[in-house]
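> Just so you know, we're using UniProt numbering here: the sequence shown kicks off at 1 and counts up by one. Backbone N, C-alpha and C define an ideal beta-carbon position, used for all residues, glycine too. Remember, it's a predicted structure, so these values are computed and weren't measured experimentally.
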Amino acid sequence: MKLNKLEVLDLSSNDFSNNIFPSLTAFSNLKSLDLSANNLKGPIYAKDLCEMKNLPELDITGNNLRGSLPMCFYNLTSLKSLSLSSNQFLGNIYSLKNLTLLESLDLSSNQFSGNISALESLTSLRWLDISNNEFHIPSSLGPLFNLSRLKFIRGDNNNIHADDHEMLNSLAPRFQLSYISFSCCGSGGSFPYFFYHQSNLQGVTLSEIHFLKVDQFPFWLLENNTKLELLHLVNCSLLGLFQLPSRTHLALSNLDISNNAFGGNIPKRIGAHLPLLKTLNMSQNYFSGRILSSFGDMSSLQGLDLSNNHLSGGIPEHMATGCSLLEFLALSNNTLQ
1 MKLNKLEVLD LSSNDFSNNI FPSLTAFSNL KSLDLSANNL KGPIYAKDLC EMKNLPELDI
61 TGNNLRGSLP MCFYNLTSLK SLSLSSNQFL GNIYSLKNLT LLESLDLSSN QFSGNISALE
121 SLTSLRWLDI SNNEFHIPSS LGPLFNLSRL KFIRGDNNNI HADDHEMLNS LAPRFQLSYI
181 SFSCCGSGGS FPYFFYHQSN LQGVTLSEIH FLKVDQFPFW LLENNTKLEL LHLVNCSLLG
241 LFQLPSRTHL ALSNLDISNN AFGGNIPKRI GAHLPLLKTL NMSQNYFSGR ILSSFGDMSS
301 LQGLDLSNNH LSGGIPEHMA TGCSLLEFLA LSNNTLQ
């Protein structure tokens, strides 16, 4: 087959097996190769695939490939986008450290393990998904500090460990993230210091990581990130008072701080400071006092969960009239009357 000018080859969602690899080397001008959702099995055919040194985009998501990544991946230096998601790859990712042009890397849903130091050199990276693996990741994200273009990172379901070295606390990362998600599992020690240097965040999820040295709600995260729309801090062993940002936050629409140890009264002006919330989950904490009429200032609120606290009194009339869009309301396991 002579298709010397072929640049894009999409063979996704078929039944191709590993026998396809030798024939692919004939397409010397390929810029994008998609083999996702096929019947590729076992160890990857390293020799044939690694001859495609000029290939910028490779997607082999959703196959049954397994084993370690071949060291010859080290030579695929033209890659800008690489997706290995939803296979059974295992071991370290050392062979990727030379792919300095990579802008998008998806390693999710495999069995990769070890540290993430190989990512330090991928300075073009903008989008990174390493979720659902067995990596050991420091909560400081120190190995990623030099990735100045990084905007999106997902690392859920790995092994998170505390990394509270004084030197890291004095360094500012070069990245300005838009979205970060690290849910499960491990202990983060102090709240990651790099967050103090972020000002463009739009989504933050840090659930199921236990920050044992945090004694208040990180209200400064809202003050420093005026575009933040989603903040999930579920089951993070956070305690102390729930403190509001000093100014009204006009972007936050989804806040979940459930299953922590926050206590005391809910701030009186919560509705005035967070007026555009659509969903708010404060359940399974130790909040006391009354349900505030200020909730009625959240005219966009669609879901509110205050269950499993120590709240008393009744439901304010202003909340009943002001939250006209409310579809879900959970107040169980309090002492309301």
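1) For P267, which of helix, strand or coil comes out of DSSP?
2) What's the C-alpha gap between N309 and P267?
3) Run through DSSP, which three-state label would K2 get?
4) Do S307 and S324 have their C-beta atoms closer together than 7 Å?
5) Taking the alpha-carbon of P138 as reference, which of D34, F152 and G186 has the nearest alpha-carbon?
6) Residues in the same chain with beta-carbon distance under 6 Å from E223, minus the five sequence neighbours each way, listed in chain order, please.
7) At which residue ranges does the segment 202 to 288 contain complete beta strand (DSSP E) runs of 3 or more residues, listed in the order of the chain?
8) CA-CA distance, S300 and N254?
9) Residue ranges of each beta strand (DSSP E) run of no fewer than 3 residues wholly in the segment 119 to 161, ordered along the chain?
10) Closest to K41 by CA distance: which of S28, S32, P70 and G62 is it?
11) Output yes or no for whether 7 Å exceeds the beta carbon distance between Y179 and G203.
12) Under three-state DSSP, which class holds E317?
13) Nearest CA to the CA of K5: which residue from N19, S12, A26 and F21?
14) Buried or exposed: which applies to Q198, given that a residue is buried once 16 or more other Cβ atoms fall within 10 Å of its Cβ?
15) Taking the Cβ atom as the reference point for each residue, do V214 and F195 lie within a distance shorter than 7 Å?
16) If you draw a straight line from the C-alpha of G188 to the C-alpha of N225, how long is it?
17) Is residue 360 near L90, with beta carbons less than 7 Å apart?
18) What does a CB cutoff of less than 8 Å around E166 pick up in its chain, not counting 5 residues either side in sequence?
19) So what does I180 bridge to, in DSSP terms?
20) Relative to the C-alpha of L122, which residue among N132, L144 and L107 is closest?
21) Using the Cα positions of V8 and L30, report the straight-line distance between them to the nearest angstrom.
22) With a cut-off of 8 Å on the beta carbons, I'd call G263 and F287 a contact; round off their distance for me.
23) Could you have a look at N64 and say whether DSSP puts it in helix, strand or coil?
24) On a CA-only basis, which of G271, P22, L79 and L141 is nearest N98? Give me that one, please.
25) With a threshold of 7 Å between beta-carbons, can N254 be considered close to chain B, or not?
26) Please classify L24: does DSSP put it in a helix, a strand, or coil?
27) Sorted by chain position, which residues of the same chain lie with C-beta nearer than 8 Å to N200's C-beta, five sequence neighbours on each side aside?
Working from what's here:
1) As a working note, residue 267 is residue 267 in the sequence shown. DSSP places P267 in coil when its eight states are reduced to three.
2) The residue labelled residue 309 in the question sits at position 309 within the sequence shown. The residue labelled residue 267 in the question sits at position 267 within the sequence shown. Computed Cα separation, rounded: 15 Å.
3) Stepping through the sequence shown from its first residue, residue 2 is reached at position 2. Coil, per DSSP.
4) Numbered from its first residue, the sequence shown carries residue 307 at position 307. Numbered from its first residue, the sequence shown carries residue 324 at position 324. No; because the gap between Cβ atoms is not below 7 Å, this pair is not in contact.
5) The residue you call residue 138 lines up with position 138 of the sequence shown. Among D34, F152 and G186, the Cα nearest to that of P138 belongs to G186.
6) As a position in the sequence shown, residue 223 is number 223, starting the count at 1. Only P245 meet the Cβ criterion.
7) 203 to 205, 230 to 232, 239 to 241, 254 to 256, 261 to 265 and 279 to 281
8) Residue mapping note: residue 300 aligns to position 300 of the sequence shown, counting from 1. Residue mapping note: residue 254 aligns to position 254 of the sequence shown, counting from 1. Rounded to whole angstroms, S300 to N254 spans 11 Å at the Cα level.
9) 127 to 129, 134 to 138, 152 to 154 and 159 to 161
10) One-based indexing of the sequence shown puts residue 41 at position 41. Minimum Cα distance to K41 is reached at G62.
11) As a first step, residue 179 must be located in the sequence shown, where it is residue number 179. As a first step, residue 203 must be located in the sequence shown, where it is residue number 203. Cβ distance < 7 Å, so Y179 and G203 count as in contact.
12) Numbered from 1 along the sequence shown, position 317 holds the residue referred to as residue 317. Note: E317 maps to helix in three-state DSSP.
13) Walking along the sequence shown from the start, residue 5 turns up at place 5. The residue with the shortest Cα to Cα distance from K5 is A26.
14) By 1-based counting over the sequence shown, the position of residue 198 is 198. So Q198 ends up on the buried side.
15) One-based indexing of the sequence shown puts residue 214 at position 214. One-based indexing of the sequence shown puts residue 195 at position 195. No, these two residues do not count as a Cβ contact at 7 Å.
16) Here residue 188 corresponds to residue number 188 of the sequence shown, with the count starting at 1. Here residue 225 corresponds to residue number 225 of the sequence shown, with the count starting at 1. Roughly 22 Å separates the two Cα atoms.
17) For residue 360 there is no data in the structure shown, the boundaries of the chain being 1 and 337.
18) Position 166 of the sequence shown, counted from the start, is the residue given in the question as residue 166. Only weak support exists for where E166 lies, its pLDDT of 49 falling under 50; the value from the coordinates is given anyway. Closer than 8 Å at Cβ, skipping near neighbours: no residue.
19) Your numbering for residue 180 matches position 180 in the sequence shown. Per DSSP, I153 and V204.
20) Residue mapping note: residue 122 aligns to position 122 of the sequence shown, counting from 1. That would be L144, whose Cα lies nearest to the Cα of L122.
21) By one-based count along the sequence shown, residue 8 stands at place 8. By one-based count along the sequence shown, residue 30 stands at place 30. Taking the straight line from one Cα to the other gives about 6 Å.
22) Translated into the one-based positions of the sequence shown, residue 263 becomes position 263. Translated into the one-based positions of the sequence shown, residue 287 becomes position 287. 7 Å between Cβ atoms; contact.
23) On the sequence shown, residue 64 is found 64 positions in, with the first residue counted as 1. Residue state, collapsed to three classes: strand.
24) The count along the sequence shown starts at 1 and reaches residue 98 at position 98. With distances taken between Cα atoms, N98 lies closest to L79.
25) Here chain B cannot be found, since the structure has a single protein chain.
26) Walking along the sequence shown from the start, residue 24 turns up at place 24. Helix at L24.
27) The count along the sequence shown starts at 1 and reaches residue 200 at position 200. Q176, L177, S178, N225 and K227, listed in sequence order.
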